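Enquirer: One structure follows; several queries about it will come next.
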């Protein structure tokens with residue numbers, strides 16, 4: 527292939543990805559990102575695919591970093607690796623220009639935390655008379671009192687709770703060891719109210735409205751629902767903030 531042609535490159539990428547079994551949705555996203563890359567190359571007056579250098583790719587990623595979120599830039603990098611791998615395997619290029627190209631680690635956004643007064647205000651904003659409100663109050667009281675992760679709260683079984691001695695057993699935690707954690711009297715009192723009406727025959731403590739396990743996404747959704755109602759909503763607050771406050 528003598529010339530680097532935008533139309534040719536997009537067509538080649540589509541055909542190669544189809545031949546390699548990629549889904550149509552993945553192909554469309556890749557082609558959209560590839561088109562952005564090809565437009566960038568045109569501005570550099572690059573008209574031959576063999577002219578594309580490592581420096582050109584790094585320059586494009588720098589451009590993408592200025593215009594997109596880090597996760598989107600990661601996706602662009604993955605697309606470029608895929609594209610140039612397909613070209614290299616098909617002998618359209620003699621050298622693989624993506625070697626050792628890495629993105630610089632992005633600084634983590636500052637974490638947000640509740641004050642003690644804000645935690646109290648958040649928990650008290652949960653209307654236990656509303657549908658699912660009692661479950662949510664018991665859930666977030668427990669997360670706060672025992673510093674549970676969302677995954678740990680989601681995985682709790684009724685047998686893991688001892689409300690008389692106010693203890694909760696966390697099985698196979700982060701360090702692959704069981705942990706026995708204390709529960710505050712307040713959290714225990716809301717759990718005692720919630721458990722008899724949740725689904726007595728179910729082993730899972732926290733259930734969704736469909737009586738299936740409440741997973742992390744559901745916990746996060748309910749957290750932000752009540753956070754908004756409490757008037758405490760601000761950037762960076764999450765369930766993680768609650769367990770560390």
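Numbering (this note's numbering), first residue to last: 527 to 771. All residues carry an ideal CB built from backbone N, CA and C; glycine is no exception. Note that the coordinates shown come from a computational prediction; the quantities given were computed from them, not determined experimentally.
Let's see if you can read the secondary structure: which residues bound the alpha helix (DSSP H) around residue 587?
Expert: What you label residue 587 is simply residue 61 of the chain shown in a count that begins at 1. Counting along the chain, the alpha helix (DSSP H) containing residue 587 begins and ends at 580-593.
Enquirer: If you scan the region 624-672 from start to end, which runs of the alpha helix (DSSP H) of 4 or more residues do you find wholly inside it?
Expert: With a minimum length of 4 residues, the continuous alpha helix (DSSP H) runs that stay inside the region 624-672 are 642-650 and 659-672.
Enquirer: May I ask which residues mark the beginning and end of the alpha helix (DSSP H) holding residue 564?
Expert: Within the chain shown, residue 564 is the residue found at index 38, counting from 1. Residues 550-569.
Enquirer: For the alpha helix (DSSP H) that residue 705 lies in, which residues bound it at each end?
Expert: On the chain shown, position 179 is the one that residue 705 refers to. First-last for residue 705: 705-708, but that is the beta strand (DSSP E), not the alpha helix (DSSP H).
Enquirer: So, using beta-carbon positions, are residue 580 and residue 631 closer together than 8 Å?
Expert: Along the chain shown, one-based indexing puts residue 580 at 54. Along the chain shown, one-based indexing puts residue 631 at 105. No, these two residues do not count as a Cβ contact at 8 Å.
Enquirer: Measuring only the C-alpha atoms, how far is residue 528 from residue 577?
Expert: Along the chain shown, read from residue 1 onward, the residue named residue 528 stands at position 2. Along the chain shown, read from residue 1 onward, the residue named residue 577 stands at position 51. Low local confidence applies: a pLDDT of 48 at residue 528 is under 50, so the model's placement there is unreliable, with the coordinate-based value given in what follows. Approximately 11 Å between the Cα atoms of the pair.
Enquirer: Just the C-alpha distance for residue 557 and residue 621, rounded to the nearest angstrom, thanks.
Expert: What you label residue 557 is simply residue 31 of the chain shown in a count that begins at 1. What you label residue 621 is simply residue 95 of the chain shown in a count that begins at 1. Cα to Cα, the separation comes out at about 22 Å.
Enquirer: Have a look at residue 538 and residue 561 and give me their C-alpha separation to the nearest angstrom.
Expert: Translated into the one-based positions of the chain shown, residue 538 becomes position 12. Translated into the one-based positions of the chain shown, residue 561 becomes position 35. When rounded, the distance between both Cα atoms is 12 Å.
Enquirer: Evaluate residue 751 with the Cβ neighbour count: other Cβ atoms within 10 Å of its Cβ, from every protein chain shown; 16 or more gives buried, anything less gives exposed.
Expert: Walking along the chain shown from the start, residue 751 turns up at place 225. Result: exposed.
Enquirer: Using C-beta distances below 6 Å, list every residue in its chain close to residue 638, excluding the 5 sequence neighbours before and after it, in chain order.
Expert: As a working mapping, residue 638 is identified with position 112 in the chain shown. Closer than 6 Å at the Cβ level, and outside the excluded window around residue 638, lie 762, 763 and 767.
Enquirer: Could you give the distance in angstroms between the alpha-carbon of residue 760 and the alpha-carbon of residue 646?
Expert: Position 234 of the chain shown, counted from the start, is the residue given in the question as residue 760. Position 120 of the chain shown, counted from the start, is the residue given in the question as residue 646. So the alpha carbons of these two residues sit roughly 16 Å apart.
Enquirer: Can the beta-carbon of residue 679 be found less than 8 Å from the beta-carbon of residue 668?
Expert: Taking the chain shown and counting its residues from 1, one reaches residue 679 at position 153. Taking the chain shown and counting its residues from 1, one reaches residue 668 at position 142. Result yes, Cβ atoms of residue 679 and residue 668 sit closer than 8 Å.
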